[in-house]
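Chain order of the listed sequences is A and B. Be aware that the first sequence starts at 9, since it is given in our numbering, and climbs by one per residue. Be aware that the second sequence starts at -17, since it is given in our numbering, and climbs by one per residue. Read the structure below first, then the notes.
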Amino acid sequence: MNEDLYWTLVDIANGLLSGVMLGGYYAIIAIGLALTFGVMRMVNLAHGDMLVLAAYLAVLVLQFVPISPFITLALVIPVMFGVGYALQRFLLNAISVQSMERKGMSAGFGLMSPILVTFGLSIVIAHALLGGFASDARIIRNALSYSAVRLTEDLNLSTLRLIFFVIAVAILIALHLFLKRTHAGRAIRASADDAEIAPLMGIATPKINALASGIAIAIAGVAGVMVGMSRTFQPFDGPVFLLVAFGVVIVGGLGSIVGSLVGGILLGITQVLAGTYFGPSAQLVAGYILILFVLAVRPQGLFARRR
Amino acid sequence: MRKELTSVLALAALAGSVAATAPAPAEAQDCSITVGRVVPLTGPLLDMGRETPWLDENKVGPINKAGGLAVGGKKCKINYKIYDSRGTMAGSGEAATRAILKDKVDVVFAQGTPDTTNAPSDLCERYKVPCITSNTPVEAWLFGPDGKPKTYKYTFHFFFGVPDLVANHVGMIKALPGGFNGSIGYLYPNDPDGVVFASLFDPTFKKAGWKPVDPGRFKQGLPDFSAIINKFKRGRVQVVTGVLAPPDLQNYLQQAAQAGFKPRMYIIDKATGYPEAMKALGEFGIDILSVNFWSPAYPGKSKYGGYTGQGLVDLYEGQNAGKYYSPPLAYTDASYDVLFDAMQRAGSTDRAKLLAALAKTDLETVVGQVKFNAQQFSVQPLGGAQWRVDSKTKRWVKDNVYNAVYPSVKKTADMRLYQAK
Chain A
9 MNEDLYWTLV
19 DIANGLLSGV
29 MLGGYYAIIA
39 IGLALTFGVM
49 RMVNLAHGDM
59 LVLAAYLAVL
69 VLQFVPISPF
79 ITLALVIPVM
89 FGVGYALQRF
99 LLNAISVQSM
109 ERKGMSAGFG
119 LMSPILVTFG
129 LSIVIAHALL
139 GGFASDARII
149 RNALSYSAVR
159 LTEDLNLSTL
169 RLIFFVIAVA
179 ILIALHLFLK
189 RTHAGRAIRA
199 SADDAEIAPL
209 MGIATPKINA
219 LASGIAIAIA
229 GVAGVMVGMS
239 RTFQPFDGPV
249 FLLVAFGVVI
259 VGGLGSIVGS
269 LVGGILLGIT
279 QVLAGTYFGP
289 SAQLVAGYIL
299 ILFVLAVRPQ
309 GLFARRR
Chain B
-17 MRKELTSVLA
-7 LAALAGSVAA
3 TAPAPAEAQD
13 CSITVGRVVP
23 LTGPLLDMGR
33 ETPWLDENKV
43 GPINKAGGLA
53 VGGKKCKINY
63 KIYDSRGTMA
73 GSGEAATRAI
83 LKDKVDVVFA
93 QGTPDTTNAP
103 SDLCERYKVP
113 CITSNTPVEA
123 WLFGPDGKPK
133 TYKYTFHFFF
143 GVPDLVANHV
153 GMIKALPGGF
163 NGSIGYLYPN
173 DPDGVVFASL
183 FDPTFKKAGW
193 KPVDPGRFKQ
203 GLPDFSAIIN
213 KFKRGRVQVV
223 TGVLAPPDLQ
233 NYLQQAAQAG
243 FKPRMYIIDK
253 ATGYPEAMKA
263 LGEFGIDILS
273 VNFWSPAYPG
283 KSKYGGYTGQ
293 GLVDLYEGQN
303 AGKYYSPPLA
313 YTDASYDVLF
323 DAMQRAGSTD
333 RAKLLAALAK
343 TDLETVVGQV
353 KFNAQQFSVQ
363 PLGGAQWRVD
373 SKTKRWVKDN
383 VYNAVYPSVK
393 KTADMRLYQA
403 K
């Protein structure tokens, strides 16, 4: 085969394959945010720092017991769930729109407060990690980070990203079923849709919100361990992941859990193809252009339902 | 602990002066000098401040214990104060301002990239305080934003220079074992280091007759390197060179390994300067080449410590189990030596006399001979570094594998091809 033609095909195939895999990685970072921001309508600016916190937690565990990083999830998931649950129950519930109105303050405070509080929390977490671990670049050691599934001589899939993709899909399906089919899931959606009426229907909104937040942070914990396995991280890396997650949620659509996978994949493919054809400097720019485009043409995102 | 120590020292000094009553009783108390050290202790450049305060304690402690440094017939007590630059331009400016205006230190030391040396240098010029800086390439310290060399009167600088760096890297590529097909891949990001490196190296490589494969400048934190790697494969690249931060290098190396791309040589600066970052990188960091801006292979002996570079490293690693030396250890040691030597030659701590003496510095230190020129800098040697993991101790070791530019820096191993499996 002609060499130019061969490389053209390799470039396109690589763009699609790497893009889809990158999308799975993005989706896993974004699912937690899609749940809090999309379903609960609350902006958690500490989302990225929660990821980094979970990654450090895994590092800590691995220092004492040399096990597979995937097994650390058995500890990371419940701990992060507890963090999310407690955060919502004892901090964020106290500054929600309803509790602000109960205190006689305007609802605007209730919309702003979580943003300010989680922003503060983000700084506190980053500095606590700096204090505890110093600013060394860390990575969660694992046997897979350099391995790949070779398709042809010049086409390959990163083993880790393939695993992330599968995990992202599994979490998405589980979460989707949970929200649609279970009582707790319906209660989460109900309290998000109308926080005034839900309690009248017998839903304990503070507990339900705490449950949703716990799930969101637990998923962020899974994402943190995955991210930590594939790249080095430092205490102040949180905002990077927050930005990625926001991008994915905007493209995929507010309130749509499935949207985060599609949003992630679109973002991934756009970036890799732009990088191939317009040089690596275009890679991230293309992602932002996609986000702007979606905001301009379909501000509710691709998969959001109109309300 | 340190407070107790100083009070004990003060008591000892007092006792000494009382006992010695006769000729000059108060003189021992008269002379003291305070050094304000601006160091990145937190933030992105933290690796460049790890010798603090061990080195200060170790350097100043014994001298003070002996009653002080002999300066013009007096015994001079050396104090030091440490200020965190947070690794940023703003943080280092703040730290130096605090040192100069609030604490009124006599001398400022600043170290570690333009972000932490340049603002203190400018402030020292403005407030006319003697200043010694290091660990920033000379040109990055010398040239102002207008591209013209600044005129320094109070600041003295010593580190390697850019022309030597270029000569070193070109020399290393020419020495590639088994010959070179001329195809060289660039990994220069779109940040100040990447842009400057590209503008320095690109014309030089082309002049050497090599064919660059340049994917262009990219933003730090690039998620996907597969397109770049395919370009390298397509261009049959044998040497990859660049200047990358640790997360980018990690990400790139993983994806290159996944794609089965293995050049014969990597010359990557920045992420490879410090052992902590190499440890995080793991086995794929082995055999990567970079500039060696200090290792115990450097020539020279400390006048006030009595040790060679190796001696200093042994002392540090012996007293800090499990830790690694890093180059600022040597440069800070040399900074103190330069100051002590100038004080002794000046015979006084008077500012004007001290500055005049600093300008005439010609001193052997653990980073080689320091001799300031009319523009108040001294160009130190450099070499070519290559990392390996010692098979017995399992510790990361930085070999000096290329020394054609400065033969005085010992060659400690032969250059190896990039081997990762």
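Just so it is clear, CB atoms sit at the ideal spot from N, CA and C, and this is done for glycine as well.
Just to confirm the assignment, what range does the beta strand (DSSP E) spanning residue i have?
| i | result |
| --- | --- |
| Trp276/B | Element bounds for Trp276/B: n/a, residue is neither H nor E. |
| Glu346/B | 344 to 347 |
| Gln368/B | 365 to 371 |
| Val295/B | Here Val295/B belongs to no beta strand (DSSP E); instead the alpha helix (DSSP H) covers 291 to 301. |
| Ser264/A | Element bounds for Ser264/A: n/a, residue is neither H nor E. |
| Ser116/B | 113 to 116 |
If you measure between the beta carbons of residue i and residue j, is that distance less than 7 Å?
| i | j | result |
| --- | --- | --- |
| Gly288/A | Ile249/B | It should be noted that the sequence gives Pro, not Gly, for residue 288/A. Their beta carbons are not under 7 Å apart, which means Pro288/A does not touch Ile249/B by this criterion. |
| Ala42/A | Val257/A | yes |
| Pro159/B | Ala145/A | no |
| Ile15/B | Val320/B | no |
| Ser26/A | Asp230/B | no |
| Ser165/B | Gln202/B | no |
| Val352/B | Phe140/B | yes |
| Leu169/B | Gly224/B | yes |
| Arg169/A | Met48/A | no |
| Ser268/A | Ala63/A | no |
| Met260/B | Trp192/B | no |
| Ile64/B | Arg108/B | no |
| Gly32/A | Phe172/A | yes |
| Phe138/B | Phe322/B | no |
| Asn385/B | Val391/B | yes |
| Asp245/A | Val60/A | yes |
Strictly below 7 Å CB to CB, what residues from chain B border residue i?
| i | result |
| --- | --- |
| Thr240/A | Pro228, Pro229, Gln232, Ala262 |
| Leu321/A | No answer is possible for residue 321/A: it lies beyond the span of chain A, which begins at 9 and ends at 315. |
| Tyr154/A | Gln236, Ala239, Gln240, Phe266 |
| Ser26/A | Asp206, Ser208 |
| Val18/A | Asn212 |
| Ile147/A | Gln232, Ala262 |
Can you pull the chain B residues whose beta carbon is under 8 Å from the beta carbon of residue i, in chain order?
| i | result |
| --- | --- |
| Asp162/A | Asn212, Lys215, Ala241 |
| Asn22/A | Ser208, Ala209, Asn212 |
Give the residues of chain A in contact with residue i, contact being defined as C-beta atoms less than 7 Å apart.
| i | result |
| --- | --- |
| Arg377/B | Residues of chain A passing the Cβ test: none, with the nearest at roughly 16 Å. |
| Glu258/B | Asp144 |
| Pro197/B | Gly287, Pro288 |
Apply the 10 Å Cβ neighbour rule to residue i and answer buried if 16 or more other Cβ atoms are within range, or exposed otherwise.
| i | result |
| --- | --- |
| Ile88/A | What sits at residue 88/A in the sequence shown is Met, not Ile. Counting Cβ neighbours within 10 Å, Met88/A comes out buried, since at least 16 surround it. |
| Asp12/B | exposed |
| Arg239/A | buried |
| Ala395/B | exposed |
| Ile297/A | exposed |
| Leu303/A | exposed |
| Gln401/B | exposed |
| Phe98/A | exposed |
| Gly272/A | buried |
| Ser153/A | buried |
| Val53/B | buried |
| Gly31/B | buried |
| Pro197/B | buried |
How would you list, in chain order, the residues of chain A whose beta-carbon sits under 8 Å from the beta-carbon of residue i?
| i | result |
| --- | --- |
| Pro404/B | This structure cannot settle anything about residue 404/B, because the visible part of chain B is limited to -17 through 403. |
| Asn172/B | Ser289 |
Start and end of the alpha helix (DSSP H) containing residue i?
| i | result |
| --- | --- |
| Asp323/B | 310 to 328 |
| Thr16/A | 11 to 41 |
| Ile45/B | 36 to 47 |
| Ile131/A | 115 to 141 |
| Ser289/A | 289 to 305 |
| Asn100/B | 95 to 109 |
| Pro86/A | 77 to 95 |
Residue i touches chain A at which residues, Cβ-Cβ below 9 Å?
| i | result |
| --- | --- |
| Thr254/B | Result: empty, since nearest Cβ-Cβ is about 12 Å, beyond 9 Å. |
| Pro26/B | Ser143, Gln242, Phe244 |
Below 9 Å on C-beta distance, what does residue i contact in chain B?
| i | result |
| --- | --- |
| Gln291/A | Phe200, Lys201, Leu204, Pro205, Asp206, Ala209 |
| Val67/A | Neighbours of Val67/A on chain B: none; closest Cβ ~11 Å, over 9 Å. |
| Leu300/A | None at all; the shortest Cβ gap to chain B is about 17 Å. |
| Ser268/A | Neighbours of Ser268/A on chain B: none; closest Cβ ~16 Å, over 9 Å. |
Run down chain C in chain order and give the residues with a C-beta less than 7 Å from the C-beta of residue i.
| i | result |
| --- | --- |
| Gly283/A | In summary, chain C is missing from the structure at hand, where the protein chains are A and B. |
Legend entry - Segments assigned beta strand (DSSP E), at least 3 residues, entirely inside the region 132 to 162 of chain B: DSSP assignment within the region 132 to 162 of chain B yields the following whole beta strand (DSSP E) runs of 3 residues or more, N-terminal first: 137 to 141.
Legend entry - Residue ranges of each alpha helix (DSSP H) within the region 205 to 262 of chain B, 4 or longer: 208 to 216, 228 to 240
Legend entry - Continuous alpha helix (DSSP H) assignments of at least 4 residues falling wholly in the region 168 to 229 of chain A: 191 to 201, 205 to 208
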